[in-house]
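A short worksheet on the structure shown next.
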Amino acid sequence: MLISAKSESNDYSLIRMSIDIPWKCDYVKYYISSINTKANILLTTNNDYLIFKTTKNDIRIDFKEAYSYNLNSLVKYLNEAQTTIIFKNIDNRTISLTSKEVVSLKDGSHKAKLITGLFNCKEFIIEANEETFVPDLPILDYANKFYLVSLQGQIVYSTINENEYNPSVLANIDTMIIDNEPIIVNYENMKPIKIKANTDSLKFLELQLVDFLFQPITLKSPLFVSLKIKPSFLNELNELSELS
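For reference, each letter of the sequence shown is one residue, going 16 to 259 in the working numbering.
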């Protein structure tokens, strides 16, 4: 059985579907056969922010909706948003920060930390009058890595910033991601992740497109997904139930 589904207009990175399983079996096997969308992905939204702390007050930098950044435009935006910290583009690779007083990173949204290279920071302090470099390179292209996850997928154990994640991965997207260009992956031409699930659990399926840190992305174009499903009978003595 082939199922095709489209994401919801209020969140194009999320697919919810109800599946009517026609077979009388306790388990089914399925896999993602294809993914199709367009790389209209917001690197930042109106909800993204960074908050730095000084001995006197907090410095908040709010971001706007943006599909792409280069390091020069990002540094310019950060400098124009406040006057305490001087951000500097270092060789179009990374960012440094300088201040006349001690400043520390207090909080920030995932996307804001991602594009500035602060996503691995547990503690980030700028000493007075000392140039401080962000610990990681800013991620302005999502590192060419997405996952499609759901509650019924294959568990992948990961540790990020000493936090453990066990997302249920249905598919990997390892392809070049170019702004405003199609993302098309056909898993028939590769080895897909095959899932065995209880039939009742598959009657409602929720899929989420996430980044390489397993955080939801903000996708502005519809996401199309195709699944192939077959019955799985526990007492079968052959491989007829295997997905092909």
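C-beta: ideal position from N, C-alpha, C; glycine also.
All values derive from a computational prediction rather than experimental measurement.
For Leu65, the closest alpha carbon among the candidates Phe227, Ser183, Lys126 and Glu221 is that of Lys126.
The Cβ atoms of Tyr84 and Leu155 sit closer than 8 Å to each other. Taking Cys40 as the centre and dropping the five residues before and after it, the same chain places the C-beta of Thr214, Pro246, Ser247 and Phe248 closer than 8 Å to its C-beta, in chain order. By the criterion of at least three beta-carbon pairs nearer than 8 Å, the stretch 112–120 is not in contact with the stretch 218–225. Look at Glu221 here: in three-state DSSP terms it is strand. Residue pairing for Arg31: DSSP places it in a beta bridge opposite Glu221. Each residue's CA atom was taken as its position, placing Val200 and Asp35 some 26 Å apart. One thing to note: Tyr27 has its Cβ no nearer than 8 Å to the Cβ of Leu217. Within its own chain, the residues whose Cβ lies closer than 8 Å to the Cβ of Glu23, once the five positions on either side in sequence are excluded, are Leu29, Ile30 and Arg31, listed in chain order. The Cβ atoms of Thr113 and Glu146 sit closer than 8 Å to each other. Under a 10 Å Cβ-count criterion, Asp63 is classified as buried, with 16 or more other Cβ atoms of the shown protein chains found around its own Cβ. Taking C-beta atoms under 8 Å as the contact rule, Ile193 and Ala96 fail to qualify, at a distance of about 28 Å.
With the rule of 3 Cβ pairs closer than 8 Å, the stretch 183–192 counts as touching the stretch 158–167. The Cβ atoms of Thr52 and Ala81 lie no closer than 8 Å to each other. Apart from sequence neighbours up to five positions away, the residues of its chain that approach Asn61 with a beta-carbon distance below 7 Å are Lys79 and Glu80, ordered along the chain.
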